[in-house]
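Residue numbers (full-length UniProt numbering): 1 to 272. Using N, Cα and C, we set each Cβ at its ideal position, and we do this for glycine too. The structure displayed is predicted, hence computed values, not measured ones.
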């Protein structure tokens with residue numbers, strides 16, 4: 001079990017392992033040109049681990065998340081959940097997008113219960129809805145519509161909408177990127193609280209180095225396109241973490257340097 005995971009809830013929650021083997025992904029852009037998004041990605045993500053991907057825009061982070069989610073397929077290699085190849089989407093892999101992506105015509109309560117209804121288990125598990133509304137701190141807003149609540153509240157609803165299905169892995173594709181600083185910090189702490197309580201494997205895409213350090217067991221630094229893993233940083237800081245701690249600041253500087261090196265053009269070598 002990953003560092004910092006201290007307990008599980010009464011729910012029968014199982015954390016999953018992700019294996020990424022020799023993944024490469026190309027696609028055709030709007031101009032008809034072939035673009036190599038990912039090249040030979042290999043990674044093991046352990047059960048209950050919190051792993052972040054960080055790198056320049058266009059390095060394939062979201063492409064990789066879509067492959068793990070089963071929303072896309074690689075041309076080469078495979079992605080496995082608990083040693084079984086991922087083929088298509090499944091509730092065992094929850095996905096939280098950058099925008100809350102709630103159904104605007106449904107109430108907060110109905111949005112949170114949508115996955116249970118889609119799986120046809122709502123009647124047996126409807127008591128979970130009020131429990132997750134409480135977890136998200138949305139009591140009193142059950143009958144509100146997405147446009148009637150703040151961005152942070154909508155993203156909380158999106159988060160528990162994914163978690164109510166008890167996924168083995170929660171995929172977080174820059175879910176806090178559009179929020180103000182105070183709301184972002186609040187939701188980072190909520191994520192950590194849920195991760196510690198549940199032990200769910202969490203995979204985060206972010207551009208925020210501080211966020212990656214604050215949340216993660218490991219940080220995967222990616223290169224510009226074609227996306228490759230430049231380095232994997234083991235975050236050995238004890239929890240809870242302070243952003244003003246000397247070791248935190250030192251690691252931030254170290255990762256920023258790695259990102260600058262990863263993004264720098266490769267020097268040319270001339271042979272005469």
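To which residues of the same chain is residue i closer than 8 Å at the C-beta, ignoring the five residues directly before and after it?
i: residue 242; result: 248
i: residue 267; result: In this prediction, residue 267 scores a pLDDT of 47, lower than 50, which makes its location untrustworthy; the coordinate-derived value is nonetheless stated afterwards. Nothing listed; no residue qualifies.
i: residue 102; result: 108, 111, 146, 154, 157, 158 and 161
i: residue 98; result: 173, 174, 175, 177 and 178
i: residue 255; result: 54, 209, 212, 213, 219, 221 and 233
Could you tell me whether the Cβ atoms of residue i and residue j are closer together than 8 Å?
i: residue 54; j: residue 232; result: no
i: residue 168; j: residue 15; result: yes
i: residue 188; j: residue 211; result: yes
i: residue 208; j: residue 51; result: no
i: residue 68; j: residue 203; result: yes
i: residue 119; j: residue 75; result: no
Helix, strand or coil for residue i per DSSP?
i: residue 18; result: strand
i: residue 235; result: coil
i: residue 201; result: strand
i: residue 119; result: coil
i: residue 214; result: helix
i: residue 149; result: coil
i: residue 26; result: strand
i: residue 130; result: helix
Decide if residue i is buried, meaning its Cβ has at least 16 other Cβ atoms within 10 Å, or exposed.
i: residue 73; result: exposed
i: residue 44; result: exposed
i: residue 123; result: exposed
i: residue 281; result: No information on residue 281 is available, as it lies outside the stretch 1 to 272 that the chain covers here.
i: residue 253; result: exposed
i: residue 194; result: buried
Near residue i, what residues of its chain come up, given a Cβ to Cβ distance below 7 Å and the 5 sequence neighbours on each side ignored?
i: residue 89; result: 69, 70 and 71
i: residue 138; result: 108, 153, 156 and 157
Leaving aside the five residues before and after residue i along the sequence, list all residues of the same chain whose C-beta is less than 6 Å from its C-beta, in chain order.
i: residue 258; result: 221 and 231
For the stretch 220-228 and the stretch 74-82, state whether three or more C-beta atom pairs, one from each stretch, are separated by less than 8 Å.
-> Fewer than three pairs of CB atoms, one per stretch, sit closer than 8 Å, so the stretch 220-228 makes no contact with the stretch 74-82.
Decide yes or no for the touch test of the stretch 25-44 against the stretch 54-63: beta carbon pairs closer than 8 Å, at least 3 of them.
-> Judged by Cβ distances under 8 Å, the stretch 25-44 makes contact with the stretch 54-63, as three or more pairs qualify.
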